[in-house]
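Trainee: Sharing a structure here in structure tokens format.
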Amino acid sequence: MNWSGLNVLITGGAGHIGSNLALELIKKGANIRITDNLWRGKKEYLYENGRPIIDFDKDFLEMDLTEMKNCEKAVDG
């Protein structure tokens, strides 16, 4: 599959699996947005070689997706 230019929302993206998925999709050219409530996830997982793999100001939303307003915000783009 060609991921180049596709927009992908990763929920729980600051966890071990989500952060590795984000890194792989970024390498394939996808545009990534990550949501995580940081209950178990850690922003540190979103770094590679000391550098962030995403723009935290633009592409990371710390939120709980059990609230509909947060779901809507996560997919607005």
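What the sequence shown shows, in our numbering, is residues 1 to 77, in sequence order.
Where a beta carbon is used, it is the ideal one built from N, C-alpha and C, also for glycine.
#1: Tell me which residue opens and which closes the alpha helix (DSSP H) that residue 23 is part of.
#2: Would you list the residues sitting across from residue 31 in a DSSP beta bridge?
#3: Which one of 15, 57, 4, 74 has the shortest CA to CA distance from residue 42?
#4: Go to residue 72, then tell me how far its alpha helix (DSSP H) extends in each direction, as first and last residue.
#5: Is any heavy atom in the ligand MN found nearer than 7 angstroms to the beta carbon of residue 37?
#6: From the DSSP output, in three-state form, read off residue 36 for me.
Mentor: Looking at the coordinates:
#1: 16 to 27
#2: Note: residue 31 sits in a beta bridge opposite 7.
#3: With distances taken between Cα atoms, residue 42 lies closest to 15.
#4: 68 to 75
#5: What this structure holds is no ligand at all, so the ligand MN is not there to describe.
#6: strand
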